[in-house]
Amino acid sequence: MKKIAWILAALLMLGGCSAPAAETAAPSVSAEPTKEVAKSGPTLVPSQSQAPATPEPVQDPDDELSGYFPFLADTTLIYTGEGGEYTDEQVFFDFTGGNRAQMRCIGTGTTSVSVLEKADGKLERIYFRGESYGLENKLDVTAESREIVLQEPLEVGTSWSVDSQGAASTYEITGKDVEITTPAGTFETLEVTRTEEGATEKSYYAKGLGLVKTLYESGEMTVTKELAEIVEGGRTEELYVTYPDVTHNQYKDEKRTVEVATNERPEAMLEALFKHPSDSGLTALMGEDAAINSVTVSAEEGIIRIDFSRSFVSSMNAGAGVENMILQAIAYTLSSYYGYPEVKITLDGANYESGHIYQEDDDTFEVVREDLYPNE
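Read in order, the letters of the sequence shown are residues -21 to -1, 1 to 355 in mature numbering (1 follows the signal peptide of the UniProt record, and there is no 0).
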């Protein structure tokens, strides 16, 4: 059993996608559509004027680490494989800044996020979160651990060790300018070999792209993963947004499609969705004059925090019943999207307060589907 667990973890470790030993999965919150789902809206592209002032990633052309593992903006790397259930995946850099990048790995049935850092001649993974579906910038996270992905000098014979999944693995650069052919093309690559308990995994990195192939072998078992396609442009994401149907005193879900670019602010994406339901008969979740200041997620607490400008209340112009429906819809939308049960709503950093509703420091919204859709 231990070897099987290592096989699954080893498949993508050098790409920064597998879970470290201490990882705890996020709690699950149902996000299935309602029986009555409103029509899908057009693709929303949040305004680029709202993009954050994020420093450009360090991509020194003379830096070998950046050459063999570049932080590619607005590029999706699509991998396919054979011999294992978890070899097909898509990789996209959500955020890049300075010497760090946040990499999203969308695999079979799950999505994970890693933060990678280039420093002192090493490329290391310093943060990992499994079951991570919502968009959140974690570039400024404090390192939870340090797992070396690549280490200079990038020459044959360079080696290092990593303690992952409760077992020590040894890595060694075993080849340079190794020709590898995948469905995406033919590449001259850096070969890195990982060994543990009689098993080996060879990973191949091409300049300007990063990981293009892995080959895992243990006895008669062989598992491969290869770069199949390179797609330029932002990634497409689908999510459900819940809006009040005030006329019928009920809620409706809209399945929305958004185009997410590297360094796209989640606040901008959510703001565009909240302000513009596709169905004109539904009530928007915020007025045009309001803004989302920040969205943060605490996996440890299981709480999503969203901070609106104070004009959120004044632009709502709603009675107590409609205001409560709007807040419940916001909470359910965020809970479904980020996968955590509680939502804390604040106004310019202070507790939520209007003429109808007041919250204390510890008050949160915890919305379950039955509250919004009692007749399902």
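For each residue, glycine too, the CB sits at the ideal point set by N, CA and C.
### Message
Does residue 116 pass the burial test, meaning 16 or more other C-beta atoms within 10 Å, or should it be called exposed?
### Response
buried
### Query
For the alpha helix (DSSP H) that residue 246 lies in, which residues bound it at each end?
Segment 245 to 254, the alpha helix (DSSP H) holding residue 246.
### Query
Apart from the five residues just before and just after residue 31, which ones in its own chain have a Cβ nearer than 6 Å to its Cβ?
Note that residue 31 scores a pLDDT of 40, beneath 50, so its modelled location is shaky; the value from the coordinates is reported in the next line. Same-chain partners within the cutoff: 244.
### Message
Taking 6 Å as the limit between beta carbons, can you name the residues of its chain near residue 84, skipping five residues before and five after?
### Response
-5, 68, 70 and 91
### Query
Do you know offhand how far residue 317's Cα is from residue 113's?
5 Å
### Query
By DSSP, does residue 313 sit in helix, in strand, or in coil?
helix
#### Entry: Coarse secondary structure for residue 326, derived from DSSP in three states
strand
### Task
Just grab the DSSP bridge partners of residue 192 for me.
183 and 205
### Query
Between residue 200 and residue 178, what straight-line distance do the alpha-carbon atoms span, to the nearest angstrom?
10 Å
### Query
Excluding five sequence neighbours on each side, which residues of the same chain lie with their C-beta closer than 8 Å to the C-beta of residue 134?
152 and 155
### Message
So residue 246 and residue 273 are supposed to be a Cβ contact under 8 Å. How far apart are they, rounded?
### Response
6 Å
### Query
How is residue 63 classed by DSSP in three states: helix, strand or coil?
coil
### Message
The beta strand (DSSP E) that contains residue 50, what's its start and end?
### Response
Note, residue 50: premise wrong, no beta strand (DSSP E); not H, not E.
### Task
Give every residue of the same chain whose Cβ lies closer than 7 Å to the Cβ of residue 328, excluding the five residues on either side of it in the sequence, and list them in chain order.
A distance below 7 Å between beta-carbons, with the five flanking residues on each side excluded, links residue 328 to the following residues of its chain, in chain order: 286.
### Query
Looking only at DSSP bridge pairs, what is residue 274 linked to?
285
### Neighbourhood of residue 310 by C-beta distance below 6 Å, restricted to the same chain and skipping five residues each side
322, 344 and 346
### Secondary structure of residue 114, DSSP reduced to three states
DSSP places residue 114 in the coil class of the three-state scheme, outside both helix and strand.
### Query
Is the beta carbon of residue 61 less than 9 Å from the beta carbon of residue 191?
When the beta-carbon positions are compared, residue 61 and residue 191 stay at least 9 Å from each other.
### Query
What's the gap between the Cα of residue 44 and the Cα of residue 205?
21 Å
### Query
Given that a residue counts as buried once 16 or more other Cβ atoms are within 10 Å of its Cβ, and exposed if not, what is residue 76?
buried
### Query
Relative to the alpha-carbon of residue 278, which residue among 262, 106 and 160 has its alpha-carbon at the smallest distance?
106
### Message
Using CA atoms only, rank isn't needed, just tell me which of 139, 164 and 229 is closest to residue 172.
### Response
139
### Task
Quick one: grab the DSSP three-state call for residue 264.
coil
### Message
Considering only their Cβ atoms, is the gap separating residue 333 from residue 301 smaller than 9 Å?
### Response
no
### Query
If you run the structure through DSSP and keep just helix, strand and coil, what is residue 102?
strand
### Query
Which stretch, first to last residue, makes up the beta strand (DSSP E) that contains residue 291?
Looking at the DSSP string, residue 291 is not in any beta strand (DSSP E); the run it does join, the alpha helix (DSSP H), is 290 to 295.
### Local Cβ density within 10 Å of residue 66, reported as buried at 16 or more and exposed below that
Buried.
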